[in-house]
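The opening residue of the sequence shown carries number -9 in this note's numbering; numbering runs sequentially from there.
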Amino acid sequence: MGELRYNYLWNTWVVVAPERKKRPHDFVLKADGDTDISRCPFEYGKEHLTPAEVFALRDDDSAPNTPGWRIRVVPNRYPALSPSYTPVQIANFHTSLGGYGFHEVVVETPHHYRHLHCFSLKEVEELLWVYRERMRTLYAMKEISYVLVFKNYGQWAGASLSHPHSQIIAMPLIPPLVKTVIGQFKRFLDEEGGCYLCAEIDFELSSQVRVVYQNPLFLVYAPFYSYSPFQIRIAPKEHLFSFADVEDHYLKYLSDALKTGIGRLFDVLENPCYNLYIHTCSRAKEEFFHWYLDVIPRITHIAGFELGGGVFINPVSPEQAAQLLRKR
Ligand SMILES: [Zn+2]
Ligand SMILES: [Zn+2]
């Protein structure tokens, strides 16, 4: 029943081993009910509980760090990386690089209970616009090589606060996984010619079995080598290497694709915990890169085989997942 599938971009393997007796919701680790709003630091009037904002979208002339914002970006109070460190390399036997970087929280809405899957098209578009703006700003900072935008929804996805938020980490190196992806795009270009993801998108559009949804500019599909049940990937159909350089009119279509994709996941899985991230080129702007956004419902646990071998076991075939997600 099991099948080893190769993930070319990540140069890794997954085991797809469908457990036929289970239905989609049997797998799901549901997100918690929302926590105590009175202790939430992301409410109107609680702006003083976070570090001072670095960016905000505001409806009126309201002052920074007061109510009146629609989306607010603040430094993480407990940052993994901080601009106050220097990116000095220390190498004796081991190597370290200081803790230099930026770690920001994007508070997506003032409404504690209004999560991404409930957002209007316009709200999703504004959030994507903010991601892009922060990415542009952070790539302009000295010594920053990579900016990773990601979101953790629900406790099984690592969210410690339930108020709708995303995070951005800008760091002085390219994370290993992204470095592999960059290398694999280059490998495909050298060995086969062209772009791997353009070729994959063409293939998925012609075969249709893993397609979930599409609009004129974006494809939503379940990758052949999905490492998690109901993983979906959203990618521009056109070859675009940099999310930071995406033009405004693309964001409307990306919003439609993301809202639809997440909406289908919530229809089928009923409030799953999930992670979301954007893989884009590094600051060096590798033009052979093709950016994409993955949504990973957190359904299976990372266990011995994953930690020891780096191989994920996916108990739901991407073809079955796509079929369920298409129907809705
Ligand atoms: Zn809140
Ligand atoms: Zn491409």
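Note that beta-carbon positions come from the ideal geometry of N, C-alpha and C, so glycine has one too.
Exercise for the section: Quick one: grab the DSSP three-state call for K141. Expected result: Here the question's residue 141 lines up with position 151 in the sequence shown. It is a strand residue.
Handout entry: Span of the alpha helix (DSSP H), counted from its first residue to its last, around E113
Key = Translated into the one-based positions of the sequence shown, residue 113 becomes position 123. Its alpha helix (DSSP H) spans residues L111 to Y129.
Exercise for the section: Starting from the C-beta of I61, find all residues in its chain whose C-beta is less than 8 Å away, skip the five residues before and the five after it, and write them out in chain order. Expected result: Taking the sequence shown and counting its residues from 1, one reaches residue 61 at position 71. Exclusion of the five residues before and after I61 leaves A46, L47, V96, V97, E98, T99, E116, L117 and V120 as the residues of its chain whose Cβ lies within less than 8 Å of its Cβ.
Practice task
Could you work out which residue in P165, V114, N66 and G35 is closest to A53 when comparing CA atoms only?
Solution key: By one-based count along the sequence shown, residue 53 stands at place 63. That would be G35, whose Cα lies nearest to the Cα of A53.
Exercise for the section: Pick out whichever of N55, K249, K141 and T170 has its Cα sitting closest to the Cα of E276. Expected result: As a first step, residue 276 is located in the sequence shown; it is residue number 286 there, counting from the start. Residue T170 is the option with its Cα nearest to E276.
Problem - Given 8 Å, three or more beta-carbon pairs between the segment 178 to 192 and the segment 142 to 157 - result: no
Handout entry: Closest Cα partner of P65 within the set S218, G184, G91 and I289
Key = Here residue 65 is taken as the residue at index 75 of the sequence shown, counted from 1. Answer by Cα proximity: G91.
Handout entry: Endpoints, beta strand (DSSP E) assigned at P65
Key = Position 75 of the sequence shown, counting from 1, holds the residue named residue 65. From DSSP, the beta strand (DSSP E) with P65 extends over W59 to P65.
Handout entry: Beta carbon nearer than 6 Å to a non-hydrogen atom of ligand 2
Key = Counting every residue whose Cβ lies closer than 6 Å to a heavy atom of ligand 2, we get C185, L187, C188, H229 and H280.
Practice task
Ignore the nearest five residues each way along the sequence and tell me which others in A70's own chain have a CB closer than 7 Å to its CB.
Solution key: Walking along the sequence shown from the start, residue 70 turns up at place 80. The residues are H93 and I159.
Problem - Which of helix, strand or coil DSSP assigns to Y(-2) - result: Along the sequence shown, one-based indexing puts residue -2 at 8. Here Y(-2) sits in coil by DSSP.
Exercise for the section: Look up E190 in the DSSP assignment and say whether it is helix, strand or coil. Expected result: Position 200 of the sequence shown, counting from 1, holds the residue named residue 190. DSSP places E190 in helix when its eight states are reduced to three.
Problem - Any heavy atom of ligand 1 within less than 6 Å of residue CB: hits in chain order - result: Cβ atoms closer than 6 Å to ligand 1 belong to I27, C30, F32, E33, H102 and H153.
Handout entry: Buried/exposed call for P166, threshold 16 Cβ in 10 Å
Key = In the sequence shown, the residue the question calls residue 166 occupies position 176. With fewer than 16 Cβ atoms within 10 Å of its Cβ, P166 is classed as exposed.
Problem - Nearest-angstrom Cα separation, counted from G88 out to Y75 - result: The residue labelled residue 75 in the question sits at position 85 within the sequence shown. The residue labelled residue 88 in the question sits at position 98 within the sequence shown. The C-alpha of Y75 lies about 6 Å from the C-alpha of G88.
Practice task
Express the C-alpha separation of P213 and P219 in angstroms, rounding to a whole number.
Solution key: Looking up residue 219 in the sequence shown gives position 229. Looking up residue 213 in the sequence shown gives position 223. Roughly 10 Å between the two C-alpha positions.
Handout entry: Beta-carbon proximity of V114 to S216, cut-off 8 Å
Key = Counting from one through the sequence shown, the residue named residue 114 turns up at place 124. Counting from one through the sequence shown, the residue named residue 216 turns up at place 226. Cβ distance not < 8 Å, so V114 and S216 don't count as in contact.
Problem - Supposed contact pair L207 and K227 - C-beta distance, whole angstroms, cut 8 Å - result: Numbered from 1 along the sequence shown, position 237 holds the residue referred to as residue 227. Numbered from 1 along the sequence shown, position 217 holds the residue referred to as residue 207. Right, their Cβ atoms sit about 6 Å apart.
Problem - Beta carbon of S272 nearer than 8 Å to that of I191 - result: Against the sequence shown, residue 272 aligns to sequence position 282. Against the sequence shown, residue 191 aligns to sequence position 201. No, Cβ-Cβ distance for S272 and I191 is not below 8 Å.
Problem - L255 - containing alpha helix (DSSP H), residue span - result: On the sequence shown, residue 255 is found 265 positions in, with the first residue counted as 1. D238 to L259 is the extent of the alpha helix (DSSP H) around L255.
Problem - S28 versus H102: straight-line alpha-carbon distance, rounded - result: Sequence index remark: in the sequence shown, residue 28 carries index 38 (1-based). Sequence index remark: in the sequence shown, residue 102 carries index 112 (1-based). Looking at the two C-alpha atoms, the distance is approximately 10 Å.
Problem - Extent of the continuous alpha helix (DSSP H) run through Q310 - result: Within the sequence shown, the letter at position 320 stands for residue 310. Boundaries of the alpha helix (DSSP H) harbouring Q310: P308 to K317, taken from the DSSP string.
Practice task
Taking 8 Å as the cut-off, decide whether the C-beta atoms of Y264 and A130 are in contact.
Solution key: Position 274 of the sequence shown holds residue 264. Position 140 of the sequence shown holds residue 130. Taking 8 Å as the Cβ cut-off, Y264 and A130 do not qualify as a contacting pair.
Practice task
Compute the Euclidean distance between the alpha carbons of S196 and I224, then round it to the nearest angstrom.
Solution key: Start at 1 with the first residue of the sequence shown, and residue 196 comes out as number 206. Start at 1 with the first residue of the sequence shown, and residue 224 comes out as number 234. Approximately 17 Å between the Cα atoms of the pair.
Problem - Complete runs of the beta strand (DSSP E) confined to the segment 145 to 204 [at least 3 residues] - result: 155 to 161 and 201 to 204
Handout entry: For I27, the residue or residues it bridges with in DSSP
Key = Within the sequence shown, the letter at position 37 stands for residue 27. Partner(s): none; I27 has no beta bridge.
Exercise for the section: Along the beta strand (DSSP E) that carries F302, what are the first and last residues, could you check? Expected result: As a position in the sequence shown, residue 302 is number 312, starting the count at 1. Counting along the chain, the beta strand (DSSP E) containing F302 begins and ends at F302 to N304.
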